[in-house]
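Visitor: Just so we're on the same page, the working numbering is the position in the sequence shown counted from 1, plus 20.
Where is the CB? At the ideal position from N, CA and C, for every residue including glycine.
Predicted model, so just to flag it, every value in this text is computed and none were measured.
For reference, the structure I am asking about is given below.
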Amino acid sequence: MVFQIEKRHSQRMLPHYNMGTRSVPLRKETNYSADDQRLLKELKGQGAINSKSILLKKITKLMTENPDAFANLKIRELSHGESIRNFLSVEENRMLVRNILIWRFSEIPTTVTSATTPVTDDPLVLSTLKWAGIRVIETMEREIRQIDDLLSSSRISPANRKKLEAYRLALINAATEFSRQSSTPFEPLREEQLLKKEIIQSGYMGMLVEIGAGTEIARSVFSDGGTSRYISSTASLYNQADRDRFLEQATNYPSVSSDMALALAKKAMGNAAKTKKDGAVFGLALTGATQTDRTRKGQDHFYLALCGTGKPDVIIHGVYQNQERQNQQIATGRFGLASLHQFLTREPFSIENIKAATSGLISIDQIFVETDSTFDHICRNIRLVQTGLSDLVLFSSNGLVQDIPSMTREKKEIFLYKGSFNPPTTGHIEVLEKALNLSGQAEVLSLPEISTTIVSKGEATLENMAHRISMFNLLGYPVLVTNQTRFFSLAELLRTKSQGKLTFLCGMDTLVRIMEPAYYADLHGKAFEAIERLFKDNTSLWVADRFDKTRGWCTVRQFLNSAESGPLRGYVTGSIKRLKVRVASASSEEREKIGRGEEPSHISATVREYIKTHSLYS
C-alpha cells in the first residue's frame, strides 16, 4: 500500500492510493478489497491536502488509531519536483515529516535528509511524537538491523552499498532526534550513555583536540551530564599559528596526518595532567578532511590519535564512505567516542570491538598500536579486512600500513599481481621485475595482491597471510591485502582509490580461471559481463607462460586460440598481452618439497631462511 502525494492540474494536493500498478484518487470509489476499504475509511473525508496541518493530522490519526495500516504506508513526495522543503515551510513540522519519511522510505529526498532538525515546542509535533514514539523507534531499530545484515553481504554492489549506508545513517540520525524529542529510548543513544558512564568509572581525565572534522566529537561527549568528570577542556585548531602555539613549537606536519594527530594527542595529555595533578590522564586528537567545495589534495579521511597514562599510543586512519559533510562529522563523533571508550576501558585495544560505531559510514584501513611488533602490526591490520572494517589494506615494504592515496597519488600506472604466493617464488619476483622493466616508467608501482578469501579454499588463516606479507617485505615489496576474490571486482575497487592506469599480472593457470564461466554464475551476463567490467577504462592483463605437467609450456596465444577459451575466444585479445617470463614452478610444488624435507629449487635464499626460522610448511 502506498499513500502518495501528487500535484494535479487544479494545483491542489490530492492523496492517492496505489492499487498495484495504477494510482487512483481517494475521492473516487472503486472495487477495493475489505482491507483496502478499512484503510480508506481512515483517510476518507480529508479532501485535498493543501496545508501542512491537514497532512500532519492525517499522519497522527493513522499512527495512533490504526498503526497496523500505517505500518504498511509509504509517504512519497512525487509532486513534479516540488520538494517537501517547499511544501512544508515551517521548520518544526518539516522535522516531523522528515522523520516519518525516513522511517518508511528506501528513497530519501536530499532536501529532507539534509534539513536541520531543530528542537520544537509545537503541540502538534510533540503530541505526535509522544503517541508514535515507541512504534517509530522500534521500527527504525528493526530496519537498521536489517540493513546491517545486508551490508555484511559481500554480494552487494558498491552503488547499492552506498545507498544502504546513506539510508542507515539517515535512520540513525532521525531515530536519535526522535528519541530526544519524545523521551523514547533508542538503542544507539542508550549505548552512548553507557559508554560515557564507563569512561567516567575509568577514572581518567583528558583533553580533546580536533582539526577539520567539526565539533561533533565534542557534541557526542557533552550531550549528557557528567562530562566535566572526564573532560578538562577541548580545542579546535584550524590554522597553523594556533597549532604551533598549542604545541609550543613550529611544526611542518600536514594538518591531516598521523604525525600531527599524535603530536596533538600527546600535548593534550600533557595539558590534562596539569589540570589533574594526580591520577590517570588521556589526550585525544582528531585531524580530518571532510567534504568541501574547495579544491584540495585529499579529503574524506581522518586520523585519530589516543594517548593515555599506562596505555600504548594508538593511531587510526579512517575513510568516509558517505559524501555529505554533516554525516561525515556525525559519524566521526560517534566513532571517536567509541574509540575513547575502548582505549580507556578495554585491554588490549581492539578495533573490532568498535566496528558498530563505524555505522557502515567509515572504513578503517590503518591502525597502529605502539607496543605491536611488526608481525603483530601486520596481523592487526589484516583483521581490518577480515572483519569488514576495510575493503583493502596496503602494507609498505617495511611492513607498516600506508594509506592507498599517499602511495598511488603520483603513480601513472599500477601493476597488480594477484595470487596466493604461499610462499613467494623466484618466478613471482621475475614477473614483477619484468613488468617494471617493460613499462619503462619511473612512476610505476609493482604490487602483489593477496585476498583474505580464496574462492576454492575459504578464508586464509591470519598468521599464514602475515608470513607471506613478511616474506615479500624481506624482498623489498609492498603488499596489498583485499577482500576481493575476482579480478573484475578488484579492478572496480581499485578504480575508486587511484587514478593510475591498472595492469594485472598473472600466470596461465590464473588466466584459465578468469575465463571459467562457473566463477560468474551470479552475474546476469555471466563471464561476458565479468570480462567487460574487468577491461573497462583501459585495464590490461599481462600473462606469464606457465609449465603444465601434461601439456608442457603454454602461452597466452595458444590458450586464446584453443577451444578451452570457450565463447570468449578472441573477445579480449587486444587487452591481454604475453609477458615473456616462464614460471617453472608453482608455490604448491615448493611447499610439497619443503614438506618432504627437500630443498626448494625456486625460492630465494632470503625466503628460504625465513621459512626455516619460522618452521613453515614442514
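Based on the DSSP output, what are the partners of Gly328 in its beta bridges?
Guide: What you label residue 328 is simply residue 308 of the sequence shown in a count that begins at 1. Bridge partners of Gly328: Phe302, Lys331.
Visitor: Go ahead and pull the three-state DSSP assignment for Pro468.
Guide: As a working mapping, residue 468 is identified with position 448 in the sequence shown. Looking at Pro468 - three-state DSSP - the assignment turns out to be strand.
Visitor: Would DSSP call Arg366 helix, strand or coil?
Guide: Counted from its first residue, the sequence shown places residue 366 at position 346. Of the three classes helix, strand and coil, the one that applies to Arg366 here is coil, per DSSP.
Visitor: Check whether the Cβ atoms of Phe242 and Ala255 lie closer than 8 Å to each other.
Guide: Reading the sequence shown from its first residue, position 222 is the one you call residue 242. Reading the sequence shown from its first residue, position 235 is the one you call residue 255. In this structure, Ala255 does not lie closer than 8 Å to Phe242 by Cβ.
Visitor: Hey, how far is the Cα of Ile382 from the Cα of Thr481?
Guide: Translated into the one-based positions of the sequence shown, residue 382 becomes position 362. Translated into the one-based positions of the sequence shown, residue 481 becomes position 461. Looking at the two C-alpha atoms, the distance is approximately 25 Å.
Visitor: What is the rounded straight-line gap between the Cα of Ile631 and the Cα of Asp264?
Guide: Counted from its first residue, the sequence shown places residue 631 at position 611. Counted from its first residue, the sequence shown places residue 264 at position 244. Their Cα atoms are separated by approximately 48 Å.
Visitor: Tell me which residues share the same chain as Ala285 and place their Cβ nearer than 8 Å to its Cβ, disregarding the 5 neighbours each side in the sequence.
Guide: Position 265 of the sequence shown, counted from the start, is the residue given in the question as residue 285. Cβ neighbours of Ala285 beyond the five flanking positions: Val229, Gly303, Leu304, Ala305, Ala325, Leu326, Cys327, Asp333.
Visitor: Could you spell out the range, first to last residue, of the alpha helix (DSSP H) harbouring Leu456?
Guide: Residue 456 sits at position 436 when you count from the first residue of the sequence shown. 446-459 is the extent of the alpha helix (DSSP H) around Leu456.
Visitor: Let me confirm a value: Thr365 is counted as buried when at least 16 other C-beta atoms fall within 10 Å, else exposed. Which label applies?
Guide: On the sequence shown, residue 365 is found 345 positions in, with the first residue counted as 1. Its Cβ having fewer than 16 others within 10 Å, Thr365 is exposed.
Visitor: Beta-carbon within less than 8 Å of Ser277's beta-carbon, same chain only, minus the 5 sequence neighbours each way: which residues are those?
Guide: Along the sequence shown, read from residue 1 onward, the residue named residue 277 stands at position 257. Cβ within range, chain order: Thr307, Tyr323.
Visitor: On the CB-based measure, 16 or more other CB atoms within 10 Å of its CB, does His544 come out buried or exposed?
Guide: One-based indexing of the sequence shown puts residue 544 at position 524. That one is exposed.
Visitor: May I ask which residues mark the beginning and end of the beta strand (DSSP E) holding Thr254?
Guide: Mapped onto the sequence shown, residue 254 falls at position 234. Per DSSP, Thr254 belongs to the beta strand (DSSP E) from 251-256.
Visitor: Going residue by residue through the segment 470-533, where are the continuous beta strand (DSSP E) segments of at least 3 residues, counting only ones entirely within it?
Guide: Fully enclosed beta strand (DSSP E) runs of 3 or longer: 499-502, 521-527.
Visitor: Relative to the C-alpha of Leu554, which residue among Ile167, Ala293, Phe507 is closest?
Guide: Taking the sequence shown and counting its residues from 1, one reaches residue 554 at position 534. The candidate whose alpha carbon is nearest that of Leu554 is Phe507.
Visitor: Take Phe435 as the anchor and find which of Asp396, Ser459, Val413 has the nearest alpha-carbon.
Guide: As a first step, residue 435 is located in the sequence shown; it is residue number 415 there, counting from the start. The shortest C-alpha separation from Phe435 is found at Ser459.
Visitor: Locate the alpha helix (DSSP H) running through Arg616, then write down its first and last residues.
Guide: Here the question's residue 616 lines up with position 596 in the sequence shown. Segment: none, Arg616 is in no alpha helix (DSSP H) and carries neither H nor E.
Visitor: Where do the N-terminal and C-terminal ends of the alpha helix (DSSP H) with Gln578 fall, by residue?
Guide: Along the sequence shown, read from residue 1 onward, the residue named residue 578 stands at position 558. Gln578 -> alpha helix (DSSP H) spans 576-580.
Visitor: Between Ala300 and the rest of its own chain, which residues show a CB-CB distance below 8 Å, the 5 nearest in sequence each way excluded?
Guide: Here residue 300 is taken as the residue at index 280 of the sequence shown, counted from 1. Excluding sequence neighbours, Ala300 sits near Ser222, Gly223, Tyr224, Met225, Gly328, Thr329, Gly330.
Visitor: Our contact map puts Arg488 next to Asn442 with C-beta atoms below 8 Å; I'd like the distance itself, whole angstroms only.
Guide: Numbered from 1 along the sequence shown, position 468 holds the residue referred to as residue 488. Numbered from 1 along the sequence shown, position 422 holds the residue referred to as residue 442. That pair is a contact at about 6 Å.
Visitor: When DSSP builds the beta bridges, which residues end up paired with Phe322?
Guide: Here the question's residue 322 lines up with position 302 in the sequence shown. Paired residue(s): Gly308, Gly338.
Visitor: Going by beta-carbon coordinates alone, are Thr516 and Ser560 separated by less than 8 Å?
Guide: Position 496 of the sequence shown, counted from the first residue, corresponds to residue 516. Position 540 of the sequence shown, counted from the first residue, corresponds to residue 560. No, the pair does not count as a contact, with Cβ atoms beyond the cut-off.
Visitor: Who are the near neighbours of Ser416 in its chain, counting only those whose CB is closer than 6 Å to its CB and skipping five residues on each side?
Guide: For the purposes of this step, residue 416 is taken as residue 396 along the sequence shown, with counting starting at 1. Cβ neighbours of Ser416 beyond the five flanking positions: Gln422, Pro498.
Visitor: Alpha carbon to alpha carbon, how far is Ile167 from Ser252?
Guide: Position 147 of the sequence shown, counted from the first residue, corresponds to residue 167. Position 232 of the sequence shown, counted from the first residue, corresponds to residue 252. Computed Cα separation, rounded: 38 Å.
Visitor: Hey, out of Ser471, Met535, Glu552, Phe388, whose CA is closest to Val501's CA?
Guide: Within the sequence shown, residue 501 is the residue found at index 481, counting from 1. With distances taken between Cα atoms, Val501 lies closest to Ser471.
Visitor: Whose C-alpha, out of Gly380, Asn401, Thr378, is nearest the C-alpha of Val389?
Guide: For the purposes of this step, residue 389 is taken as the residue at position 369 of the sequence shown. Looking at the Cα atoms, Asn401 is the closest of the given residues.
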